[in-house]
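Mind the numbering: the sequence shown is residues 1 to 385 in the UniProt record's numbering, read in order.
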Amino acid sequence: MSVVADGDGPSAAPPGVTVVRTGASLKEGGPGENGMRRGAAPMVRGYLDSLRRLTLRAMRLPRHDVVVTMTDPPLMARVGPMLAAWHGAAAIHWCHDLYPALLPVLGLRIPDPLYRLVEWSVAGAMRRHDAVVAIGRCMARRLAALGVPSDRIVLLPNWAEPGIRPVAREGNGFRADLGLGDRFTVAYSGNLGLAHPMGGLLDAATELARTDPDIAFLVIGEGRGRPALEAAAAARGLSNLRVLPLQPAGRLSESLSAADLHLASMDPRAEGLLVPCKVAGALAAGRPCLFLGPAGSEAAALVDGCGRTLDPADGTGLAAVLRGYARDPARYAEEGRRALSVSARWDADTAAWRFAALAESLLGRAGKPVAAPLVRMSGRGLPHA
Numbered sequence: 001m002s003v004v005a006d007g008d009g010p011s012a013a014p015p016g017v018t019v020v021r022t023g024a025s026l027k028e029g030g031p032g033e034n035g036m037r038r039g040a041a042p043m044v045r046g047y048l049d050s051l052r053r054l055t056l057r058a059m060r061l062p063r064h065d066v067v068v069t070m071t072d073p074p075l076m077a078r079v080g081p082m083l084a085a086w087h088g089a090a091a092i093h094w095c096h097d098l099y100p101a102l103l104p105v106l107g108l109r110i111p112d113p114l115y116r117l118v119e120w121s122v123a124g125a126m127r128r129h130d131a132v133v134a135i136g137r138c139m140a141r142r143l144a145a146l147g148v149p150s151d152r153i154v155l156l157p158n159w160a161e162p163g164i165r166p167v168a169r170e171g172n173g174f175r176a177d178l179g180l181g182d183r184f185t186v187a188y189s190g191n192l193g194l195a196h197p198m199g200g201l202l203d204a205a206t207e208l209a210r211t212d213p214d215i216a217f218l219v220i221g222e223g224r225g226r227p228a229l230e231a232a233a234a235a236r237g238l239s240n241l242r243v244l245p246l247q248p249a250g251r252l253s254e255s256l257s258a259a260d261l262h263l264a265s266m267d268p269r270a271e272g273l274l275v276p277c278k279v280a281g282a283l284a285a286g287r288p289c290l291f292l293g294p295a296g297s298e299a300a301a302l303v304d305g306c307g308r309t310l311d312p313a314d315g316t317g318l319a320a321v322l323r324g325y326a327r328d329p330a331r332y333a334e335e336g337r338r339a340l341s342v343s344a345r346w347d348a349d350t351a352a353w354r355f356a357a358l359a360e361s362l363l364g365r366a367g368k369p370v371a372a373p374l375v376r377m378s379g380r381g382l383p384h385a
């Protein structure tokens, strides 16, 4: 297997996987945080430059049997069929975020004629893939609406980071380091992006700071939304809310298990355009999760029975639900056990087996001999798997 990744970062990989870097740095004007801060035009140029680098590097690889394109940078789906034809390969697009529909949610406004042109172009490219992987049923519905044939849409949800396990309160060093004691603790852990509204969380923390100050909030993560969150928490004087950086992989089980309950949020406009993977991490830690987002999304279905779905803007409603959990340890303990059971049904090994079966089925359908493993293309280092 070959992974073509942009940037000049580390290229460590498991046996049998070769990481091929484009060598260009993402730090200046490329996709991601810096590009967004510098404005829409530099970010778009960064995305297009990344797309060009990845495409040219993939064309120089020896022949592979399957070409898998991923979402970042946007428009990656456009080059998938072309690269597959170049290599005489099957084409799979692994859709983690659906562009260009997600761009307005992230605050990037482009002229309507250009938006429609890009949408038409991407939809046409999606339909030319041998398979399109959706990470949720809500996303599968969006892909079908774009005209992707239903028999080419494959559901393959995200999974929790391998190695995440529950850590009991009494043995949790992370919780001890924070001095949480016996306080009921609520955590948001993961990306603080523009598609993840935090207003409801802030309003709930503000109300509970007055009525239930023993309920503690942890926000652990990075992203474009973090500065605004920190500023709002400081302006409100929220002593019950702490904002922490992303934790090292070695402390992930401890940091996720430091909470009694987790929160995940998503802008309702993003339904079917992304699925917050932080839900999977919370469930793998054996903790219930409240999803602050649309009821029709994959995340809402995932927390059914081990959490609840709430309006992301309803801080008062969230505060009431959190009070109920804090006063009922048996409830969140039982929902935590259910969360662990849900998580155990879908892990990295199961997902890898399903993906390999998909690739093999495409090759078998085409009657192609196997010459080399997959080639995957990703704009930000190694993909989730």
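Glycine included, C-beta positions come from ideal geometry on N, C-alpha and C.
With which residues is Glu271 paired in a DSSP beta bridge?
-> Leu274
Just how far apart, CA to CA, sit Arg152 and Pro166?
-> Using only the alpha carbons, I get a separation of about 37 Å.
May I ask you to verify whether the region 99-114 touches the region 124-137, counting CB pairs closer than 8 Å and requiring at least 3?
-> no
Please determine if the region 298-305 and the region 134-141 are in contact, where contact requires at least 3 C-beta pairs separated by less than 8 Å.
-> Touching, per the Cβ criterion.
Start-end ranges of the alpha helix (DSSP H) lying completely within the region 136-221, minimum 4 residues | 137-145, 173-177 and 199-211
Is the Cβ-Cβ distance between Ala270 and Ala160 less than 8 Å?
-> no
Enumerated in chain order, which unbroken segments of the beta strand (DSSP E) with a length of 3 residues or greater are wholly contained in the region 60-122?
-> 66-69 and 90-95
What is the residue span of the alpha helix (DSSP H) that Gly315 lies within?
-> Gly315 to Ala326
Apply the 10 Å Cβ neighbour rule to Leu202 and answer buried if 16 or more other Cβ atoms are within range, or exposed otherwise.
-> buried
For Cys306 and Ala284, believed in contact at Cβ under 8 Å, the rounded distance = Between Cys306 and Ala284 the Cβ distance is about 12 Å, and since that is not below 8 Å, they are no contact.
Using the Cα positions of Lys27 and Asp49, report the straight-line distance between them to the nearest angstrom.
-> Residue confidence is low: Lys27 scores 49 on pLDDT, short of 50, so the model does not pin down where it sits. Its coordinate-derived value is still stated next. Between Lys27 and Asp49, the C-alpha separation is close to 13 Å.
May I ask you to verify whether the region 215-230 touches the region 63-74, counting CB pairs closer than 8 Å and requiring at least 3?
-> Flag = no, the region 215-230 and the region 63-74 do not touch.
Touching by the beta-carbon criterion (3+ pairs, under 8 Å), the region 172-188 and the region 248-266 | yes
Indicate whether Gly190 and Gly225 have their beta-carbon atoms separated by less than 8 Å.
-> no
Use the C-beta contact count for Leu83: other C-beta atoms within 10 angstroms, 16 or more gives buried, fewer gives exposed.
-> buried
In three-state terms, what does DSSP make of Ala282?
-> In the three-state reduction of the DSSP assignment, Ala282 falls in the helix class, which pools H, G and I.
CA-to-CA distance, Gly315 to Ala204, given in whole angstroms = 4 Å
Would you grab the beta carbon distance between Pro276 and Ala264 for me? Rounded to a whole angstrom, and I think it's under 8 Å.
-> 5 Å
Does the region 329-336 come close enough to the region 94-104 to have 3 or more Cβ pairs within less than 8 Å?
-> no
Taking the alpha-carbon positions, what's the Ala216 to Leu180 distance?
-> Going by C-alpha positions, Ala216 is about 8 Å away from Leu180.
Is Ala253 near Ile110, with beta carbons less than 8 Å apart?
-> Looking at the sequence provided, one finds Ser at residue 253 rather than Ala. Not in contact: Ser253 and Ile110 (Cβ atoms no closer than 8 Å).
Select from Gly171, Asn172, Glu170 and Met126 the residue whose C-alpha is nearest the C-alpha of Ser150.
-> Met126
What's the gap between the Cα of Glu360 and the Cα of Asn240?
-> 52 Å
Please name the residue or residues paired with Thr309 in a DSSP beta bridge.
-> DSSP output for Thr309 lists Phe291 as bridge partner(s).
What are the boundary residues of the alpha helix (DSSP H) that includes Ser253?
-> Leu252 to Ser257
Is Arg380 helix, strand or coil by DSSP?
-> Any reading at Arg380 must be qualified, since the residue scores a pLDDT of 46, below 50, and its modelled position is unreliable; the value itself is stated next. Reduced to three states, the DSSP call for Arg380 is coil.
Gly35 in three-state terms, based on DSSP | The pLDDT assigned to Gly35 is 43, lower than 50, so where the model puts this residue is not dependable; a value taken from the coordinates is nonetheless given after this. Residue state, collapsed to three classes: helix.
Return helix, strand or coil for Ala134, following the three-state DSSP convention.
-> Note: Ala134 maps to strand in three-state DSSP.
What separation, rounded to the nearest whole angstrom, lies between the Cα atoms of Asp311 and Gly16?
-> 45 Å
In whole angstroms, what is the alpha-carbon distance linking Tyr115 and Gly124?
-> 14 Å
In this structure, does DSSP put Ala359 in helix, strand or coil?
-> It is helical.
Using the beta-carbon count (16 or more within 10 Å), is Trp120 buried or exposed?
-> exposed
Figure out for me which residue from Arg210, Ala144, Ala168 and Lys278 has the closest Cα to the Cα of Gly193.
-> Lys278
Nearest-angstrom Cα separation, counted from Arg345 out to Met1 = 26 Å
Can you give the beta carbon distance from Leu318 to Gly200, rounded, assuming they're within the 8 Å contact cut?
-> 5 Å
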